[in-house]
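Visitor: Residue numbers (our numbering): 476 to 815. Ideal Cβ positions, reconstructed from N, Cα and C, are used throughout, including at glycine.
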Amino acid sequence: MSVQTLSINFINEKNFTKQMSDNQEYTYKYPRASLTVDCVIFGISSNNAINVLLVQRKNPPFQDCWAFCGGFVDMNETTEQSAIRELKEETSLCNINLTQFHCFSSLDRDPRGRTITIAYYAVVDFEKVKDKVRADDDAKQCQWFNINSLPALAFDHEQILKKAIDVISMTRDRITIEKGDITKYDYDAIVNAANCSLLGGGGVDGAIHRAAGKGLYQECLTLNGCQTGQAKITKGYNLPSKYVIHTPGPIYRNGNNNEDELLASCYRNCLLLAEQNNIKTICFPSISTGVYHFPLQKASLIAIKTIKQCLISMPTIEKVTMVCFDDNTLNYYKQALNEQ
Ligand code: APR
Numbered sequence: 476m477s478v479q480t481l482s483i484n485f486i487n488e489k490n491f492t493k494q495m496s497d498n499q500e501y502t503y504k505y506p507r508a509s510l511t512v513d514c515v516i517f518g519i520s521s522n523n524a525i526n527v528l529l530v531q532r533k534n535p536p537f538q539d540c541w542a543f544c545g546g547f548v549d550m551n552e553t554t555e556q557s558a559i560r561e562l563k564e565e566t567s568l569c570n571i572n573l574t575q576f577h578c579f580s581s582l583d584r585d586p587r588g589r590t591i592t593i594a595y596y597a598v599v600d601f602e603k604v605k606d607k608v609r610a611d612d613d614a615k616q617c618q619w620f621n622i623n624s625l626p627a628l629a630f631d632h633e634q635i636l637k638k639a640i641d642v643i644s645m646t647r648d649r650i651t652i653e654k655g656d657i658t659k660y661d662y663d664a665i666v667n668a669a670n671c672s673l674l675g676g677g678g679v680d681g682a683i684h685r686a687a688g689k690g691l692y693q694e695c696l697t698l699n700g701c702q703t704g705q706a707k708i709t710k711g712y713n714l715p716s717k718y719v720i721h722t723p724g725p726i727y728r729n730g731n732n733n734e735d736e737l738l739a740s741c742y743r744n745c746l747l748l749a750e751q752n753n754i755k756t757i758c759f760p761s762i763s764t765g766v767y768h769f770p771l772q773k774a775s776l777i778a779i780k781t782i783k784q785c786l787i788s789m790p791t792i793e794k795v796t797m798v799c800f801d802d803n804t805l806n807y808y809k810q811a812l813n814e815q
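1. For valine 679 and alanine 686, which I take to be in contact (beta-carbon distance under 8 Å), what is that distance rounded to the nearest angstrom?
2. Which value, in whole angstroms, describes the spacing of the CA atoms of methionine 495 and glutamate 561?
3. Does the Cβ-Cβ distance between tryptophan 619 and lysine 605 come in under 8 Å?
4. Less than 8 Å between the beta carbons of isoleucine 519 and serine 788, yes or no?
5. Say the cut is 7 Å; is the CB of tyrosine 692 nearer than that to a heavy atom of the ligand APR?
6. Can aspartate 801 be considered in contact with the ligand APR, in the sense that its beta carbon sits closer than 7 Å to one or more heavy atoms?
7. In whole angstroms, what separates the C-alpha of glycine 711 from that of cysteine 785?
8. Within this structure, are the beta carbons of asparagine 579 and isoleucine 635 separated by less than 8 Å?
9. Any contact between the stretch 607 to 615 and the stretch 564 to 575? By contact I mean 3 or more CB pairs, one from each, below 8 Å.
10. What residue ranges within the stretch 599 to 643 form continuous alpha helix (DSSP H) runs of no fewer than 4 residues, ordered along the chain?
11. Between isoleucine 757 and tyrosine 727, what straight-line distance do the alpha-carbon atoms span, to the nearest angstrom?
12. Any heavy atom of the ligand APR closer than 7 Å to the CB of proline 760?
13. In whole angstroms, give me the CA-to-CA distance for leucine 673 and threonine 697.
14. For asparagine 534, is the classification buried or exposed, using 16 other Cβ atoms within 10 angstroms of its Cβ as the cut-off for buried?
15. Using the rule of at least 16 other Cβ atoms within 10 Å of the residue's Cβ for burial, across every protein chain shown, is cysteine 671 buried or exposed?
16. Starting from the N-terminal side, write out each stretch of the alpha helix (DSSP H) that is 4 residues or longer and does not extend beyond the stretch 531 to 597.
Dropping the structure here:
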């Protein structure tokens, strides 16, 4: 379609008035949205902790709230140039490789009026940049936060963060939820929801030891057990998988005994061990939700959130599958994958 036809259709359909001024410039009598950019900067520490760079807003709206660095696009710059400029002005960071990942255009996302934002992300070496940030311009403060202890975010920045994590961790390609028996999976590694003795038990632990045979038990005897939230690796013996990663999940009491963090650290430590052992495909059972009575919905949200975050800094892990033994478990994990 020619440009001319396109514009005529547009004018007819929308009933907009087009005027041509004396100097041949077009002006349109209809409101236009403003354009902003936002920068989501992840700093990955040497111990794989994920930090997020935030600025505290000096001005309304959301004055004093924490937000991603960003601002309005000037008339004489592209959105890329704008993102680089805003990052430098508000945080002093420069020479950062920004990647555009999504456009956010909810009608009510900015109380000042219709504002569409183009979001960028960067994943940087935390140790190299952590001390280089300094607030300026319309940022009151500029600070790194651990991803698990973020303050409330301004505008729709929670949503922007979620999307950035999904895009960077390539959730859609790398995380799957299936119903099945984990002992049948020929992945590089399967995870065992073990107890601290590592010497076997009931549930998935019993099933894995039965399928792997005596060799697994004998290797486990040499490991001196394992603390809750930690992980240890063994060979897979008679299992189709090459390795078993054993992790004792927390026993759920009332939720006031650090159960959430311990469960998250099970997933984190298993993935760290996987990465260190060049494991590319790994599957998990639903840790702690059987004999250890962790509420399934809460456990599924923690599991998916932790796996997504870990994958940001673990590009060598190609596939993570949650293997659910029954439909109820399957449904909770599927829901968590959509929600988190
Ligand atoms: N494949 C996949 N999932 C399984 C399998 C299997 N073959 N068998 C059981 N499950 C599921 C359960 O249905 C549950 O959803 O694994 C989940 C975890 O349940 P448990 O095995 O009871 O694990 P957990 O709650 O972490 O308790 C661990 O149980 O057997 C003992 O030694 C183990 O003391 C440890 C405790």
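Guide: Taking the coordinates as given:
1. As a working mapping, residue 679 is identified with position 204 in the sequence shown. As a working mapping, residue 686 is identified with position 211 in the sequence shown. Cβ atoms of valine 679 and alanine 686 stay farther apart than 8 Å, at about 10 Å.
2. Position 20 of the sequence shown, counted from the start, is the residue given in the question as residue 495. Position 86 of the sequence shown, counted from the start, is the residue given in the question as residue 561. With a pLDDT of 48 at methionine 495, under the threshold of 50, the modelled position of that residue is not reliable, and no figure is offered here.
3. To locate residue 619, count along the sequence shown from 1; it is residue 144. To locate residue 605, count along the sequence shown from 1; it is residue 130. For tryptophan 619 and lysine 605, yes; Cβs fall inside 8 Å.
4. The residue labelled residue 519 in the question sits at position 44 within the sequence shown. The residue labelled residue 788 in the question sits at position 313 within the sequence shown. In this structure, serine 788 lies closer than 8 Å to isoleucine 519 by Cβ.
5. Numbered from its first residue, the sequence shown carries residue 692 at position 217. No, the beta carbon of tyrosine 692 sits no closer than 7 Å to any heavy atom of the ligand APR.
6. Residue 801 sits at position 326 when you count from the first residue of the sequence shown. Aspartate 801: yes, Cβ under 7 Å from the ligand APR.
7. Walking along the sequence shown from the start, residue 711 turns up at place 236. Walking along the sequence shown from the start, residue 785 turns up at place 310. Going by C-alpha positions, glycine 711 is about 24 Å away from cysteine 785.
8. Taking the sequence shown and counting its residues from 1, the one referred to as residue 579 is at position 104. Taking the sequence shown and counting its residues from 1, the one referred to as residue 635 is at position 160. Looking at the sequence shown, residue 579 is not asparagine but phenylalanine. Yes, the pair counts as a contact, with Cβ atoms nearer than the cut-off.
9. yes
10. Given a length threshold of 4 residues, each whole run of the alpha helix (DSSP H) inside the stretch 599 to 643 is given here in chain order: 601 to 604.
11. As a working mapping, residue 757 is identified with position 282 in the sequence shown. As a working mapping, residue 727 is identified with position 252 in the sequence shown. One C-alpha to the other measures close to 25 Å.
12. Along the sequence shown, one-based indexing puts residue 760 at 285. Answer for proline 760: yes, Cβ within range of the ligand APR.
13. Position 198 of the sequence shown holds residue 673. Position 222 of the sequence shown holds residue 697. Cα to Cα, leucine 673 sits roughly 10 Å from threonine 697.
14. Counting from 1 along the sequence shown, the entry for residue 534 is found at position 59. Exposed: under 16 other Cβ atoms inside 10 Å.
15. Translated into the one-based positions of the sequence shown, residue 671 becomes position 196. So cysteine 671 counts as exposed.
16. Fully enclosed alpha helix (DSSP H) runs of 4 or longer: 554 to 566.
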